[in-house]
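J.:
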Amino acid sequence: MELVVATRNKDKLREIKALLKELPVEIFSLDSFKGVPEVVEDGRTLEDNAIKKAVQVSRFLKKFTVADDSGLVVEYLNGDPGVCSARYSGEGATYKSNNEKLLRFLKGVPLAKRKACFKCVIAVADKGRVIGTAEGVCSGKICFTLKGDNGFGYDPIFIPDGCKKTFAEMDPARKNEISHRNKALAKTKKIISKYLSLCL
Ligand code: ITT
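Residue numbers (the working numbering): 135 to 334.
1. Closest to L180 by CA distance: which of S192, L206, V255, Y222 is it?
2. At what residues does the beta strand (DSSP E) containing C254 begin and finish?
3. Could you check the C-alpha separation between D214 and E136 for me, to the nearest Å?
4. Using only the heavy atoms of the ligand ITT, determine whether one of them is closer than 7 Å to the beta carbon of S219.
5. Quick one: is the Cβ of R148 within less than 7 Å of any heavy atom of the ligand ITT?
6. Taking 8 Å as the cut-off, decide whether the C-beta atoms of D176 and R142 are in contact.
7. Between E149 and the rest of its own chain, which residues show a CB-CB distance below 7 Å, the 5 nearest in sequence each way excluded?
8. For the ligand ITT, I want to know if G285 counts as a neighbour, meaning its beta carbon is within less than 7 Å of at least one of the ligand's heavy atoms.
9. Rounded to whole angstroms, how far is the Cβ of L147 from the Cβ of V159, which I believe are closer than 8 Å?
10. Measuring only the C-alpha atoms, how far is S192 from A318?
11. By the three-class DSSP mapping on this structure, what secondary structure does F198 have?
12. Starting from A268, trace the beta strand (DSSP E) both ways and give me its first and last residue.
13. Quick check: is any heavy atom of the ligand ITT less than 7 Å from the C-beta of N212?
14. When DSSP builds the beta bridges, which residues end up paired with L206?
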């Protein structure tokens, strides 16, 4: 069976493929198809955007689709960057410019006030219809400088609770064991299994 992951983010796709490796599905990203219209991520929440991506792509490609919308929620910044995580530092934002902006905004803030969490919402859709959504959260704090070369996005500045290393300093398999994406995908697998057995 084929499963489309409605993303062009290769880092995200790598993690999703690793986390779904035991499912009997062949995974494709949007890069495998020509002419898929860009989905405007203008929702107010991660869930809005995940649903919008999954529904539009599954309708266009007529294929079973999952979409991941995720972000970093920083308590001291009233929840920013949140749903705007990808474009936090504006037009042409990069992982580096986003991390630098965040650290600048937290300059002088002590560790006890640097609480944050990653949130991941996955939406599952088939032929333009939502089958279900699943959320995963990983809590931690923002450190003071970028550390580590693994992972992507905000991984170099995020230390999960109970850990001493940032996500970017960890082995990728360790991040996958405890991440927001793992938690959301564990629930997603149940949604997919249930739906597929109903469709058999
Ligand atoms: P698609 O919409 O094509 O899937 P995107 O990069 O635009 O790709 P999002 O809209 O979900 O994805 O934006 C999420 C941003 O949050 C992403 O670009 C990263 O900067 C950050 N992010 C998401 N998951 C992350 C993770 O596991 N570790 C670090 N940063 C992450």
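Note that beta-carbon positions come from the ideal geometry of N, C-alpha and C, so glycine has one too.
Note that this is a predicted model, so its numbers are computed, not measured.
T.: On the basis of the coordinates in this document:
1. Position 46 of the sequence shown, counted from the first residue, corresponds to residue 180. For the residues S192, L206, V255, Y222, the minimum Cα distance to L180 belongs to V255.
2. The residue given as residue 254 occupies position 120 in the sequence shown. Taken as a continuous stretch (DSSP letters only), the beta strand (DSSP E) holding C254 covers 249-260.
3. As a working mapping, residue 214 is identified with position 80 in the sequence shown. As a working mapping, residue 136 is identified with position 2 in the sequence shown. Each residue's alpha carbon lies about 35 Å from the other.
4. Sequence index remark: in the sequence shown, residue 219 carries index 85 (1-based). Within 7 Å of the C-beta of S219 there is at least one heavy atom belonging to the ligand ITT.
5. Within the sequence shown, numbered from 1, the residue matching residue 148 stands at position 14. False, no ligand heavy atom lies under 7 Å from that Cβ.
6. Working through the sequence shown from its first residue, we reach residue 176 at position 42. Working through the sequence shown from its first residue, we reach residue 142 at position 8. No. Outside cutoff.
7. Locating residue 149 in the sequence shown gives position 15, counting from the first residue. Hits under 7 Å: N310, R315.
8. Residue mapping note: residue 285 aligns to position 151 of the sequence shown, counting from 1. Yes, since a heavy atom of the ligand ITT falls inside the 7 Å radius drawn around the Cβ of G285.
9. In the sequence shown, the residue the question calls residue 147 occupies position 13. In the sequence shown, the residue the question calls residue 159 occupies position 25. That pair is no contact at about 14 Å.
10. Position 58 of the sequence shown, counted from the first residue, corresponds to residue 192. Position 184 of the sequence shown, counted from the first residue, corresponds to residue 318. Spanning the alpha carbons of S192 and A318 requires a straight line of approximately 20 Å.
11. Position 64 of the sequence shown, counted from the first residue, corresponds to residue 198. DSSP places F198 in the coil class of the three-state scheme, outside both helix and strand.
12. Start at 1 with the first residue of the sequence shown, and residue 268 comes out as number 134. Run containing A268: 263-276, per the beta strand (DSSP E) assignment.
13. For the purposes of this step, residue 212 is identified with residue 78 of the sequence shown, where counting begins at 1. Not one heavy atom of the ligand ITT is found less than 7 Å from the C-beta of N212.
14. Position 72 of the sequence shown, counted from the start, is the residue given in the question as residue 206. According to DSSP, L206 shares a beta bridge with F252.
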